[in-house]
Amino acid sequence: MTDTPGTAEPQHPIDGILDILKEAVEGGTPGQPTSFLDGTKADGSGNHGLLATLDGLSAAQASQDVHGTSVAGQARHTAFHMEVIVAWERDGQRGPFDWKGSFHPAQVSDNEWTELRARVRSAYEALVTFARSQKDQPVTGDLTGGLSGGVAHVTYHLGAIRQQLKAVE
-10 MTDTPGTAEP QHPIDGILDI LKEAVEGGTP GQPTSFLDGT KADGSGNHGL
40 LATLDGLSAA QASQDVHGTS VAGQARHTAF HMEVIVAWER DGQRGPFDWK
90 GSFHPAQVSD NEWTELRARV RSAYEALVTF ARSQKDQPVT GDLTGGLSGG
140 VAHVTYHLGA IRQQLKAVE
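This note's numbering puts the first residue of the sequence shown at -10, with every later residue one more than the last.
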């Protein structure tokens, strides 16, 4: 993103990355322009972020197999990846991580779907909290690379989920 006109300080690189992650996960700010998602209308409708997309689906829809995966599997994997970024960057955990297993189970009950959506939200909030805690630290390629990779990964899976919606709605 660009620096805000009239401000003395340029935008911190972490804030710029978090702006894009916020749009991918939370959707656009109502009535404001967006970087890549369809705009959220001023009344809040038309939000195409990950959380709103998942909230619009039932457990049955989220569990439908679409070409070997499900929305629930994609959501679980996306939460897992955000959790791994924090574990990697904050805690120094280097795996091994069960990437294939992170898509399973692909089917969820109503309660499991509620819990999974809460997990996605929690993983996102933990990632944002961690990233903001690093703003007073020297900016490193490891951190900005990890966060940028996280943005790319979330947006990829958001796109995959939005394609799956064509088969489950």
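Note that CB positions come from ideal geometry on N, CA and C, so glycine has one too.
Since we're looking at a predicted model, the values are computed, not measured.
- The Cβ atoms of Val60 and Val157 lie closer than 8 Å to each other.
- Non-local beta-carbon contacts of His146 in its own chain, meaning distances under 6 Å to residues more than five positions away in sequence, involve Gln63 and Thr67 in chain order.
- Thr23 carries a coil assignment under DSSP once its states are collapsed to helix, strand and coil.
- DSSP lists Thr58 as the bridge partner or partners of Val55.
- Nearest to Lys155 by C-alpha distance, out of Ala41, Trp77 and Gln53, is Gln53.
- Under the three-state reduction of DSSP output, Thr129 falls in the coil class, being neither helix nor strand.
- For Gln152, the secondary structure class from DSSP, reduced to helix, strand or coil, is helix.
- One Cα belongs to Leu26, the other to Asp87, and the distance between them is close to 30 Å.
- Residue range Asp99 to Ser122 is occupied by the alpha helix (DSSP H) that includes Thr118.
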